[in-house]
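Participant:
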Amino acid sequence: SQQGEEDPQALSIQEGENATMNCSYKTSINNLQWYRQNSGRGLVHLILIRSNEREKHSGRLRVTLDTSKKSSSLLITASRAADTASYFCATALISGTYKYIFGTGTRLKVLA
Amino acid sequence: NAGVTQTPKFRVLKTGQSMTLLCAQDMNHEYMYWYRQDPGMGLRLIHYSVGEGTTAKGEVPDGYNVSRLKKQNFLLGLESAAPSQTSVYFCASSDRAGTASGNTIYFGEGSWLTVV
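This is how it looks when you write it as structure tokens:
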């Protein structure tokens with residue numbers, strides 16, 4: 001079963017609005033990352049938050065992490081049509097070797 | 001800087017045929033991964049490698065084999081292709097934990113495989 005589950009599965013908003021997507025995971029993590037995937041392309045790293053951090057910012061991105069609830073959220077402020085993509089969370093497990101488990105993704109559509 | 005390169009980009013196989021997907025990275029990364037992406041399933045880890053000569057099973061390893069004979073290359077093999085293996089395959093790499101970029105995974109552009 002998937003370690004990460006994003007919510008919602010799909011999101012459609014108007015340009016200029018904020019987009020919020022959530023990720024829930026099941027086991028203890030070392031860090032959590034968010035990736036973006038444009039249609040037909042590979043994934044691109046956006047931002048990383050460590051297990052001892054609660055919030056992190058990068059440009060128009062804001063990520064929060066609640067380890068007690070095993071959840072994270074990604075906020076994209078002032079969205080643009082170019083933000084249209086799928087967004088995935090990835091968790092690095094604490095145990096053993098360094099492997100990353102991805103969630104199922106949120107498909108974001110920003111309407112111009 | 002090419003990053004992660006996958007070949008081929010598209011391939012159609014008949015059931016029972018075999019093939020190898022090639023992945024090369026030029027970033028001197030220790031870790032390499034093969035994922036498959038299916039609609040509604042997200043990315044699932046097939047196999048991964050934490051160094052030259054080592055491989056390990058991921059979430060969905062059945063029907064696949066891998067080899068990491070050289071640090072820069074990670075090969076994914078399908079010995080006897082099945083329609084259930086129709087998918088988009090992504091190779092990825094990352095540096096060792098503790099390095100400046102150790103936590104960032106770099107992806108290839110994907111290989112679209114159809115098994116008929």
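Chains R and G supply the protein sequences, listed in that same order.
FYI, the working numbering numbers position 40 of the first sequence as 40, with every residue one higher than the one before it.
FYI, the working numbering numbers position 57 of the second sequence as 57, with every residue one higher than the one before it.
Don't be surprised by glycine CBs; every beta carbon is placed ideally from N, CA and C.
As the structure is a computational prediction, the values presented were derived from the model and not from experiment.
#1: Could I get the ranges of all uninterrupted alpha helix (DSSP H) runs contained in the segment 2-85 of chain G, with 4 residues as the minimum, in chain order?
#2: Suppose you measure from the CA of R/E5 to the CA of R/S24; what does that come to, to the nearest Å?
#3: Tell me which residues share the same chain as R/A112 and place their Cβ nearer than 7 Å to its Cβ, disregarding the 5 neighbours each side in the sequence.
#4: Roughly how many angstroms lie between the CA atoms of G/G51 and G/A81, to the nearest whole one?
#5: Measuring only the C-alpha atoms, how far is G/R96 from R/S39?
#6: Under a CB-based cut-off of 9 Å, is G/G16 close to chain R?
#7: Hey, R/I47 and R/L74: beta-carbon distance below 9 Å or not?
#8: Any beta carbon from chain G within less than 9 Å of R/Q14's own beta carbon?
#9: Relative to the C-alpha of R/N30, which candidate in R/P8, R/E53, R/V44 and R/T20 has its C-alpha closest?
#10: Who are the Cβ neighbours of R/L65 in its own chain at under 7 Å, not counting the five residues just before and after it?
#11: Only counting the same chain, and skipping five residues up and downstream in sequence, which positions put a Cβ closer than 6 Å to that of R/R36?
#12: Three-state secondary structure (DSSP) at R/S1?
#13: Could you please give the first and the last residue of the uninterrupted beta strand (DSSP E) stretch that includes R/E55?
#14: Would you say G/T104 reaches chain R, if we count a Cβ-Cβ gap shorter than 9 Å as a contact?
#15: Would you kindly report the start and end of the unbroken beta strand (DSSP E) that includes R/A81?
#16: In whole angstroms, what is the alpha-carbon distance linking R/R107 and G/L78?
#17: With C-beta atoms as the reference, is R/K26 less than 9 Å away from G/Y33?
Facilitator: Working from what's here:
#1: none
#2: 5 Å
#3: E15 and A81
#4: 27 Å
#5: 29 Å
#6: no
#7: yes
#8: no
#9: R/E53
#10: L32, I49, E53, R54 and S72
#11: V44, L46, A85 and Y87
#12: Confidence is the limiting factor: at R/S1 the pLDDT is only 43, short of 50, which leaves the residue's position unreliable, though a coordinate-based value still follows. R/S1 falls in the coil class under three-state DSSP.
#13: E55 to S58
#14: yes
#15: Per DSSP, R/A81 belongs to no beta strand (DSSP E) and is neither H nor E.
#16: 30 Å
#17: no
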